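Residue numbers (the numbering used here), protein chains in the order written: chain A, 77 to 382; chain B, 118 to 520; chain C, 2 to 320.
Beta carbons are placed, not taken as given, at the ideal position from N, Cα and C, and that holds for glycine.
These numbers were taken from a predicted model, which means no experiment stands behind them.
Worksheet: one structure, shown below.
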């Protein structure tokens, strides 16, 4: 196991973790402020991926595709918020699970009706399809570097927004103690609208960026939703910082399971079995991590809730 | 909420079954001399990991059906087509329905060996002949062979044994093997290892449908092989090749593959980086026989000048085989013994030229070396070079008890 | 009570007569369909036991169905063929799994309980995927129906149907009685006001754990019947979306109502089957139905006529 290999795999895990962070950040703020469990967040991710793939194939411009994907998804999210989410604030989690699961079903079929049941090819932008020599001996795919860069930039921007602006202060107030914040004059309803749309934008961005490296198909939202929820729980509801740390942890565990474990296991087990057990370890470790965190820190690592 | 469904559900089922009852009795009165319409079940991969290949197969089936005017052996046919999404669960449910409710006489369609293994037992128990338009799992070639299964396309290992022989003859010394972790993937790498005698630096199994190969490529980089053998059909291969090139590995490592990852669908998506890629297959669109020439011309005409892929050719062949079998069984598809006997003879003009079945209902056929280059019009496609394996059977026929 | 009893008896007779009538209508395929609906109804009823009556929003119930099914797979693979061994084993192992999982999960509340049950079910799912010997992702084909002896051939569709009908009817009746018992009342009490029940001295954790384990065991039996009936099982049956669908069925049918589980299962599966005949895009109307039910009838279709409005947020749910 060379250091190049370890570095490369760690970069891969970091990229995945950062994309999870984009999803979990929106989810945790929405849940933190309005106590709404939104299972349809994955569908926003899917919308971003599909729109970006279509726009990129038609226009040839990756940047335009991302922008369009974000804009369209935010519009869809605004409609969703107006029509449905507003009704769900007053309901219990069961009703929220039910309604947002219904949204998942509707979204899956709408996408199938527009784009057909077959997966869609999201092309990697031609300019980024070659490698960049990061370290001598490691030509790392340029596209993944862009993902890493985007993830880090967004994390930074969110950090500044949440911790160093007035708006961010109000968001944190709303997340930590809503009634009190309202009493202190924070327009929590308005804040929530904004947060929901921001979350949608982040999910769409993640979808647009990940499109070229995951299968853009119906059901991709459900696949990424569970890890995002796990990140949310580990990090603590309502905490962006928690989501960040938890996302990196989950990304790391995932890489260990998918990349390093099979390598180790192949020394003693037949390759097919090693290939089976690696991902199993990755998944089980992620869930076990969540359960362990809940046992010792029942509100997650950095819960914002008072 | 009730306004969503037009009629109460029970009434709906009743009226539909009354209709089928009348149909059934109408045919009963017609007597034995007039055969009932042949029912053919096609379970297709329209969504799921093999969607692009399933679309090719669907086009191949459609061309065959169109050319025969929707008939097989002169008999009217009802084709029951549905998408099973590449999921063994869904496929099993679909096939159960086709067998029990629609009462199909013949079956084909699935791309993946995992699906074939899941639906096979139901079909064999119901005595419905299953002609495979692609999957050729080793399980059905050996101990679990069934008279009702016809690996009309090929047996999985054969393609990879041919490629393994090519790699061996070419002088590659250190190879990494990579395939998805499902029955055909295991058959594939097993087949390669049977013929390739050099060092296997690493044997990587990926998830079926996986698109992101960053982890595996990092592995490959660390193993420093001179060649990679990859079996990643459809979208998997497209992404692997692109990421392989994107990771800067194409400078020092040669890709070797079977025809599945080097056919028209992949070429269309990847393009230039594939020039010079050697691959093995039992069929090529420039294979020199009358049936194939007619097929390729008709396909290009029907589908906007596009070359057919091996999946389309195999599907088309299945329709031809069914047509010949029904005709030779006297037009009576319900006479299973006659149909099976006719199918076994494989007495029709296949796009592969002539081939015959071994005792286990898998073909004995030639395997060719192809390379990706440009045709006379400058289009990137496969070119036939030579024959690697002549009249090649499969390694499992000895284990099959059938004669 | 009387009219209801008559209704149930009539329903039972109708269901029992179905496989005899079906061939005359050319509907043999639907014998298997109705049988599957009965089994899912059983699973949904077991979920209703803890969700409707116990207030535990468990999003991992399909995991126990899978445990039961794979227990049958493992035993069949090892050569066991008798239903007398396979089915009780399935229920036992699933019940055990539920007890173990419950020990951890029931220490949490609210959304954390949802996530924890989901997490454990996902773990079970991925374990099943990794079990290459039992097919992994591609699923496992069971060689034959289990044997029962007593001159009954379970390979005969009609006989198997009757057996399933008898089992399901018995278990539903038993669960009905359980909810009326002291245990059932205590469970409902905990659902309505946990703090008070604890103050009154009830062993809250133990009661919930027992309920959870029983529900898991019954779900495991349902899994065994599903696998045995279809002759095939794959990890897909344990995916979280299946658990969510079960929750949906229970809510539609009537949360905490006696027949909530079966009614919901029947409504959902029938709608699905009918819609499938008309369109490929049958998820859409079902999704819209869910949204409508969540907004306007969150206690289920059965509660539409009653006085209660949509549920208000419970104060005790806060983390």
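Q) Does DSSP classify residue 396 of chain B as helix, strand or coil? A) Here residue 396 of chain B refers to the residue found at position 279 of the second chain. Three-state DSSP puts residue 396 of chain B in a strand.
Q. What number of angstroms, rounded off, separates the C-alpha of residue 254 of chain B from the C-alpha of residue 30 of chain C?
A. Translated into the one-based positions of the second chain, residue 254 of chain B becomes position 137. Translated into the one-based positions of the third chain, residue 30 of chain C becomes position 29. Taking the straight line from one Cα to the other gives about 29 Å.
Q) Where do the N-terminal and C-terminal ends of the alpha helix (DSSP H) with residue 130 of chain A fall, by residue? A) Indexing the first chain from 1 puts residue 130 of chain A at position 54. From DSSP, the alpha helix (DSSP H) with residue 130 of chain A extends over 117 to 135.
Q) Listing by chain order, which chain C residues have their CB less than 8 Å from the CB of residue 359 of chain A? A) Counting from 1 along the first chain, the entry for residue 359 of chain A is found at position 283. Simply 123, 124 and 127.
Q: Put residue 322 of chain B into one of helix, strand or coil per three-state DSSP.
A: Sequence index remark: in the second chain, residue 322 of chain B carries index 205 (1-based). In the structure shown, residue 322 of chain B sits in a strand (DSSP, three-state: E or B).
(Q) I need the straight-line Cα distance from residue 130 of chain C to residue 207 of chain B, nearest angstrom please. (A) The residue labelled residue 130 of chain C in the question sits at position 129 within the third chain. The residue labelled residue 207 of chain B in the question sits at position 90 within the second chain. Computed Cα separation, rounded: 17 Å.
Q: Look up residue 157 of chain B in the DSSP assignment and give the residues it is bridged to.
A: The residue you call residue 157 of chain B lines up with position 40 of the second chain. Answer by DSSP bridge pairing, in chain order: B/196 and B/223.
Q: Quick one: using the 10 Å Cβ neighbour count with 16 as the cut-off for buried, is residue 292 of chain B buried or exposed?
A: Locating residue 292 of chain B in the second chain gives position 175, counting from the first residue. Result: buried.
Q. Can you name, in chain order, every residue of its own chain whose Cβ lies under 6 Å from the Cβ of residue 335 of chain A, other than the five neighbours on each side?
A. Taking the first chain and counting its residues from 1, the one referred to as residue 335 of chain A is at position 259. Once the five neighbours on either side are set aside, the close Cβ partners of residue 335 of chain A are 85.
Q) Using Cβ-Cβ distances below 9 Å, what residues of the segment 197 to 215 of chain B are close to chain A? A) 200 and 202
Q: Measure how close the beta-carbons of residue 26 of chain C and residue 244 of chain C come, nearest whole angstrom, since I'm counting them as under 8 Å.
A: The count along the third chain starts at 1 and reaches residue 26 of chain C at position 25. The count along the third chain starts at 1 and reaches residue 244 of chain C at position 243. About 35 Å; that fails the 8 Å criterion.
Q: Flag this pair as yes or no: are the beta carbons of residue 181 of chain B and residue 429 of chain B separated by less than 7 Å?
A: Here residue 181 of chain B is taken as the residue at index 64 of the second chain, counted from 1. Here residue 429 of chain B is taken as the residue at index 312 of the second chain, counted from 1. No, they are not a contact pair.
Q | Residue environment, residue 338 of chain B, which counts as buried when at least 16 other CB atoms sit within 10 Å | A | Numbered from 1 along the second chain, position 221 holds the residue referred to as residue 338 of chain B. Residue 338 of chain B comes out buried.
Q.
Which same chain residues end up closer than 7 Å to residue 142 of chain B when comparing Cβ atoms and leaving out the 5 residues on each side of it in sequence?
A. Counting from 1 along the second chain, the entry for residue 142 of chain B is found at position 25. Model confidence at residue 142 of chain B stands at a pLDDT of 46, short of 50, so the residue's coordinates are unreliable; what they give is reported in the following sentence. Same-chain partners within the cutoff: there are none.
Q: List the residues that DSSP assigns as beta-bridge partners of residue 214 of chain A.
A: Working through the first chain from its first residue, we reach residue 214 of chain A at position 138. Bridge partners of residue 214 of chain A: A/211.
**Q.** Opening and closing residue of the beta strand (DSSP E) in which residue 157 of chain A lies
**A.** Here the question's residue 157 of chain A lines up with position 81 in the first chain. Note, residue 157 of chain A: premise wrong, no beta strand (DSSP E); not H, not E.
Q) CA-CA distance, residue 225 of chain C and residue 78 of chain C? A) As a working mapping, residue 225 of chain C is identified with position 224 in the third chain. As a working mapping, residue 78 of chain C is identified with position 77 in the third chain. Whole-angstrom Cα-Cα distance: 14 Å.
Q: Please determine, among A/242, A/307 and A/349, the residue with the shortest C-alpha to C-alpha distance to residue 101 of chain A.
A: Along the first chain, read from residue 1 onward, the residue named residue 101 of chain A stands at position 25. Closest option to residue 101 of chain A, Cα to Cα, is A/307.
Q: Would you verify that the beta carbon of residue 24 of chain C is, or is not, closer than 7 Å to some beta carbon of chain A?
A: As a working mapping, residue 24 of chain C is identified with position 23 in the third chain. No, no contact with chain A.
**Q.** alpha helix (DSSP H) segment containing residue 484 of chain B, residue limits
**A.** For the purposes of this step, residue 484 of chain B is taken as the residue at position 367 of the second chain. Note, residue 484 of chain B: premise wrong, no alpha helix (DSSP H); beta strand (DSSP E) at 480 to 491.
Q | Classification of residue 20 of chain A by the beta-carbon crowding that lies within 10 angstroms, buried from 16 upward | A | No information on residue 20 of chain A is available, as it lies outside the stretch 77 to 382 that chain A covers here.
Q. With burial defined as no fewer than 16 other Cβ atoms inside 10 Å of the residue's Cβ, what is the status of residue 357 of chain B: buried or exposed?
A. Locating residue 357 of chain B in the second chain gives position 240, counting from the first residue. The residue is buried, with at least 16 neighbouring Cβ atoms inside 10 Å.
Q. Under a CB-based cut-off of 7 Å, is residue 185 of chain C close to chain A?
A. Your numbering for residue 185 of chain C matches position 184 in the third chain. Closer than 7 Å: no.
(Q) Looking at the strands, I want to know which residues DSSP matches up with residue 498 of chain B. (A) Locating residue 498 of chain B in the second chain gives position 381, counting from the first residue. B/490, per the DSSP bridge assignment.
Q. Hey, does residue 50 of chain C have any beta-carbon neighbour from chain B nearer than 7 Å?
A. One-based indexing of the third chain puts residue 50 of chain C at position 49. False, the Cβ-Cβ gap to chain B never drops below 7 Å.
**Q.** Nearest to residue 209 of chain B (by Cα), restricted to the options C/18, C/68, C/233 and C/176
**A.** Along the second chain, read from residue 1 onward, the residue named residue 209 of chain B stands at position 92. It is C/233 whose Cα lies nearest to the Cα of residue 209 of chain B.
**Q.** Spatial neighbours of residue 167 of chain B in its chain, beta-carbon cut-off 8 Å, leaving aside the 5 residues before and after
**A.** The residue labelled residue 167 of chain B in the question sits at position 50 within the second chain. Cβ neighbours of residue 167 of chain B beyond the five flanking positions: 203, 228, 229, 350 and 351.
Q. How would you list, in chain order, the residues of chain A whose beta-carbon sits under 7 Å from the beta-carbon of residue 241 of chain C?
A. Counting from 1 along the third chain, the entry for residue 241 of chain C is found at position 240. Those within 7 Å of residue 241 of chain C in chain A are 302.
Q. So residue 366 of chain A packs on residue 120 of chain C, CB below 8 Å; how close in whole Å?
A. Here residue 366 of chain A corresponds to residue number 290 of the first chain, with the count starting at 1. Here residue 120 of chain C corresponds to residue number 119 of the third chain, with the count starting at 1. About 6 Å separates the two Cβ atoms, so the contact holds.
Q.
Taking only three categories from DSSP, how would you classify residue 291 of chain B?
A. Walking along the second chain from the start, residue 291 of chain B turns up at place 174. Reduced to three states, the DSSP call for residue 291 of chain B is strand.
**Q.** Run of the alpha helix (DSSP H) containing residue 191 of chain C, from where it starts to where it stops
**A.** Here residue 191 of chain C corresponds to residue number 190 of the third chain, with the count starting at 1. From DSSP, the alpha helix (DSSP H) with residue 191 of chain C extends over 183 to 193.
Q. How long is the line joining the alpha carbons of residue 448 of chain A and residue 261 of chain A, rounded to whole angstroms?
A. Outside the displayed range of chain A (77 to 382) lies residue 448 of chain A, so it cannot be described from this structure.
(Q) Quick check: the Cα distance between residue 286 of chain B and residue 508 of chain B, rounded to an integer number of angstroms? (A) To locate residue 286 of chain B, count along the second chain from 1; it is residue 169. To locate residue 508 of chain B, count along the second chain from 1; it is residue 391. So the two alpha carbons sit approximately 19 Å from each other.
Q: Mind checking which residues open and close the alpha helix (DSSP H) that includes residue 115 of chain C?
A: Residue numbering aside, residue 115 of chain C sits at position 114 when the third chain is read from its first letter. That run of the alpha helix (DSSP H) goes 111 to 131.
(Q) Please report the distance separating the alpha-carbon of residue 380 of chain A from that of residue 369 of chain B. (A) Here residue 380 of chain A refers to the residue found at position 304 when the first chain is read from its first residue. Here residue 369 of chain B refers to the residue found at position 252 when the second chain is read from its first residue. The straight-line gap from Cα to Cα measures roughly 52 Å.
Q: Give the straight-line distance between the Cα atoms of residue 364 of chain A and residue 261 of chain C, rounded to the nearest whole angstrom.
A: Against the first chain, residue 364 of chain A aligns to sequence position 288. Against the third chain, residue 261 of chain C aligns to sequence position 260. Roughly 33 Å between the two C-alpha positions.
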